[in-house]
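In my numbering, the protein residues as written are 15 to 344.
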């Protein structure tokens, strides 16, 4: 990491969706997609965000970028609160934060050449046009491992890994400080995943920007991240430096996630039991600790009191009543 100053600060981020039904489309419920998420991200740091499908990882990412509007909470980017900025006021800040989506083919316009796709942000923000834009796009292609003469090709003429490199080049075009990677390698072959992950690491070392990296693959998260945050049903239940979290997971959900990773040795014993049951509905989340319906260590207290993130070791925060130091939610 190149700096310890916070680039991104997210405080009590909430995103709820109304559930409507009936002829009059009245509100009959609420989906608690994100329910009070807080974290910070330093310059040059990668924060991995992991959890089961539907836990709210992508909603957090899109809310941070203001691609969807948060219901409440605060988002500070490089010291500026961008939570309620209008379109005009937010526009300069959009240059500082970009995203790489999960599906590289779906996120590219099939009617535009690769060069036009990467160069479009430069024109939109008035940074370069004409030959200057083409030169800049050629430089970006080389940075991500593509040839400048491929600028004239269309997305369907590239492989999956090459298309994701185009998406990365587009994200780099405006010189961002923060790049959100929303499962950027999950749609790629394993051999290509390693190449793309190593490219992201190399680009970060060269340019010093930060990543909010979302993934299901814990091995990928362990390789690229400096810190890891674990989400469950719209909330962060544990966050720590990656070596500390993988070596000493404190939350039962984190322990179960790590235990569920397949091991090549058939004689190896699991260090923790697998998770039982299904994820509760975000429309009607459980009272108290949301994980208590699947936790094998559940206590009466877990069913009525919701634990909040509290530090149990140096830079290791856990929201669990099994760990000393956690506090009661106000």
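We put the CB at the ideal spot given by N, CA and C, even for glycine. The structure displayed is predicted, hence computed values, not measured ones.
Under DSSP, the beta-bridge partners assigned to residue 241 are 61, 255. Runs of alpha helix (DSSP H) with 4 or more residues, each lying fully within the stretch 152-192, are found at 174-186, listed in chain order. Under the three-pair Cβ rule at 8 Å, the stretch 112-123 counts as touching the stretch 195-204. Under the 10 Å beta carbon count, residue 313 is surrounded by fewer than 16 other beta carbons and is classified as exposed.
Residue 184 places its beta carbon less than 8 Å from that of residue 131. The beta carbon of residue 46 sits closer than 7 Å to those of 30, 248, 296, 299, all from its chain and outside the five residues before and after it, given in chain order. In this structure, residue 244 sits away from residue 87, with a CB-CB distance that is not shorter than 8 Å.
Burial is judged here by how many other beta carbons sit within 10 angstroms of a residue's own beta carbon; residue 276 has fewer than 16 and is exposed. In the displayed model, residue 236 falls within a helix according to three-state DSSP. For residue 107, the enclosing alpha helix (DSSP H) stretches over residues 101-108. For residue 196, the three-state secondary structure derived from DSSP is strand. Shown here, residue 148 sits in a helix according to DSSP, grouped into three states.
Two segments are said to touch when three or more pairs of C-beta atoms, one from each, lie closer than 8 Å; by this definition the stretch 104-112 does not touch the stretch 34-41. When C-alpha distances from residue 159 are compared across 193, 196, 216, 138, the shortest belongs to 216. Taking the C-beta atoms as reference points, residue 79 is found nearer than 8 Å to residue 111. For residue 181, same chain residues with a beta-carbon under 8 Å away, outside a window of 5 residues either side, are 114, 115, 118, 121, 122, 198 in chain order. Counting the other CB atoms within 10 Å of its CB gives residue 269 a total of 16 or more, which places it among the buried residues. A Cβ-Cβ contact shorter than 8 Å links residue 265 with residue 332. Comparing alpha-carbon positions, the option among 23, 226, 135 lying closest to residue 92 turns out to be 23. Residue 95 carries a strand assignment under DSSP once its states are collapsed to helix, strand and coil. Selection 192, 234, 242 evaluated against residue 222 yields 192 as nearest (Cα-Cα). The C-beta distance from residue 226 to residue 187 rounds to 19 Å, too long to fall under 8 Å, and the pair is not in contact. When DSSP states are grouped into helix, strand and coil, residue 84 belongs to the coil group. As the crow flies, the alpha-carbon of residue 96 is around 14 Å from that of residue 26. Residue 322 sits in coil when the DSSP states are folded into three classes, being neither helix nor strand.
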